[in-house]
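Undergrad: For what it's worth, UniProt numbering labels the leading residue of the sequence shown as 1, then goes sequentially. Beta carbons: idealized from backbone N, C-alpha and C, even for Gly.
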Amino acid sequence: MDVRSLRYFVETARLSSFTQAAEQLHVTQSTISKMVHQLEQELGTPLLNRDGRRLTLTDTGRVVFQRGQEMLATLRTLADEVRDIQAARRGTLTIGIPPMINLLFTPVLKAFRERHPDIVLVLREEAGQQVEKQVAAGELELGMTVLPADPALAVQALPVATSPIWALAAAGTFQPHRRTLRLAALRDLPLVLLTDEFALTRTLRRAFAAAGFEPRVVAQSGQWDWLVEMASAGIGIALLPELFVDRLADEKLQAVRIVEPQLPWQVAHVWNGRYLSHAARAWLDVCAEVLDRGTG
Numbered sequence: 001m002d003v004r005s006l007r008y009f010v011e012t013a014r015l016s017s018f019t020q021a022a023e024q025l026h027v028t029q030s031t032i033s034k035m036v037h038q039l040e041q042e043l044g045t046p047l048l049n050r051d052g053r054r055l056t057l058t059d060t061g062r063v064v065f066q067r068g069q070e071m072l073a074t075l076r077t078l079a080d081e082v083r084d085i086q087a088a089r090r091g092t093l094t095i096g097i098p099p100m101i102n103l104l105f106t107p108v109l110k111a112f113r114e115r116h117p118d119i120v121l122v123l124r125e126e127a128g129q130q131v132e133k134q135v136a137a138g139e140l141e142l143g144m145t146v147l148p149a150d151p152a153l154a155v156q157a158l159p160v161a162t163s164p165i166w167a168l169a170a171a172g173t174f175q176p177h178r179r180t181l182r183l184a185a186l187r188d189l190p191l192v193l194l195t196d197e198f199a200l201t202r203t204l205r206r207a208f209a210a211a212g213f214e215p216r217v218v219a220q221s222g223q224w225d226w227l228v229e230m231a232s233a234g235i236g237i238a239l240l241p242e243l244f245v246d247r248l249a250d251e252k253l254q255a256v257r258i259v260e261p262q263l264p265w266q267v268a269h270v271w272n273g274r275y276l277s278h279a280a281r282a283w284l285d286v287c288a289e290v291l292d293r294g295t296g
């Protein structure tokens, strides 16, 4: 069985269109039709019912489509493994990383560049929930998010760092010398949060629901530093990981740690549970070493 014919058939069946398959594979429609017809001749039976522009699978076509997907996935894995072996010291790694998390990984980036100068590292900045979706779909080999990851997505997670959540507000909002605040105390207070695309906001909304109240959100932004400005101006209370609080030295701000329950901001790597390249494994090794050293 010709692999190219199988690939063309699988793409045609997936899209239910010769035209769309041709566009996806960057070949002509006549080439797609010819290769699918060749596969049908080789198997001795039709694979597609052609009713005008509408395509449906025959009984045999459904079997070939299902098994063909599995065969092509195996071939892709084989090609990945061969390339990895041939380029044990070189390669390209694209990592999805939420904007809030990037500050945590600056020391990792420095160590990785020093240790693996021939591996091209591409950082794609996306919100955590988008990273999870792209990893599950195979668009990204490796990404980072804030746990818990979406349980509906087929991704595996490896926690790498944890930081408690703090409340930031204009000076005088809380009692003097106060260092902690129960989550329930936020029930009627104005809050400024990151947008709902951020995994941190997902975590906070789940915590609010578990505590039995709907938060009073007065503003949302995709920029954590703008949340800090709004908190400083007295617009509302910002909820951010300790990592960011440690970077602030503003007498206009007051910071208290959320307790009862404590809300951990848990950063994790996510991947689809299948193949990890040499470059990805090298990144994970450097992360484990640098982040462990930083917290030890």
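Can you tell me whether Pro215 is helix, strand or coil according to DSSP?
TA: coil
Undergrad: Classify Gln220 as helix, strand or coil using the three-state DSSP reduction.
TA: In this structure, DSSP gives Gln220 an extended state, which the three-state scheme calls strand.
Undergrad: On the three-state DSSP scale, how would you describe Leu15?
TA: helix
Undergrad: Using DSSP bridges, identify the partner residues of Ser163.
TA: Trp265
Undergrad: When you compare only the Cα positions, how much space is there between Ala21 and Arg7?
TA: 10 Å
Undergrad: In the region 53-109, which residue ranges form an unbroken alpha helix (DSSP H) of at least 4 residues, counting only runs that do not cross its ends?
TA: Complete alpha helix (DSSP H) runs here, min 4: 59-86.
Undergrad: Use the C-beta contact count for Glu40: other C-beta atoms within 10 angstroms, 16 or more gives buried, fewer gives exposed.
TA: buried
Undergrad: Over the uninterrupted alpha helix (DSSP H) stretch that includes Ile235, give me the two end residues.
TA: From DSSP, Ile235 is part of no alpha helix (DSSP H); its letter is neither H nor E.
Undergrad: Pull up the distance between the alpha-carbon of Thr12 and that of Pro264, whole angstroms please.
TA: 46 Å
Undergrad: Answer yes or no: do Pro107 and Val290 have a C-beta to C-beta separation smaller than 8 Å?
TA: yes
Undergrad: Across the region 244-259 and the region 269-276, are there enough close Cβ pairs to call them in contact, namely three or more that are closer than 8 Å?
TA: no
Undergrad: Need the endpoints of the beta strand (DSSP E) that Glu242 sits in, please.
TA: It is not in any beta strand (DSSP E) - Glu242 instead sits in the alpha helix (DSSP H) that spans Glu242 to Val245.
Undergrad: Can you tell me whether Leu248 is helix, strand or coil according to DSSP?
TA: coil
Undergrad: By the 10 Å Cβ neighbour count, where 16 or more other Cβ atoms means buried, how is Val3 classified, buried or exposed?
TA: Exposed: under 16 other Cβ atoms inside 10 Å.
Undergrad: From what residue to what residue does the alpha helix (DSSP H) around Thr31 run?
TA: Gln29 to Leu43
Undergrad: Distance, Cα to Cα, Gln66 vs Asp285?
TA: 36 Å
Undergrad: Does DSSP classify Leu147 as helix, strand or coil?
TA: coil
Undergrad: Does Asp51 come out as helix, strand or coil in the three-state DSSP assignment?
TA: Assignment of Asp51 by DSSP, reduced to helix, strand and coil, places it in the strand class.
Undergrad: Please identify the residue among Glu125, Ala149 and Arg124 whose C-alpha is closest to the C-alpha of Ala136.
TA: Per the Cα distances, Ala149.
Undergrad: Taking the Cβ atom as the reference point for each residue, do Val256 and Gly236 lie within a distance shorter than 8 Å?
TA: no
Undergrad: If we ignore side chains and look at the alpha-carbon of each, how far apart do Ala88 and Ala170 end up?
TA: Per-residue confidence for Ala88 stands at a pLDDT of 49, beneath the threshold of 50, marking its modelled position as unreliable; the derived number appears in the next sentence. Going by the C-alpha atoms only, they are around 52 Å apart.
Undergrad: Considering only their Cβ atoms, is the gap separating Val63 from Phe9 smaller than 8 Å?
TA: no
Undergrad: Using three-state DSSP, classify Glu289 as helix, strand or coil.
TA: helix
Undergrad: Taking all protein chains shown into account, do 16 or more other C-beta atoms lie within 10 angstroms of the C-beta of Thr56, making it buried, or fewer, making it exposed?
TA: exposed
Undergrad: Can you tell me the Cβ-Cβ gap for Leu48 and Gly61, rounded? I've got them flagged as a contact below 8 Å.
TA: 6 Å
Undergrad: Note down the Cα distance separating Ser33 from Gly68, rounded to an integer number of angstroms.
TA: 17 Å
Undergrad: Would you say Pro164 and Leu186 are within 8 Å of each other, going by their C-beta atoms?
TA: No, they are not a contact pair.
Undergrad: Per DSSP, Val256 forms a beta bridge with which residues?
TA: Paired residues: Ala167.
Undergrad: How big is the Cα-Cα spacing for Gly52 and Pro190?
TA: Straight-line Cα distance between these residues: approximately 59 Å.
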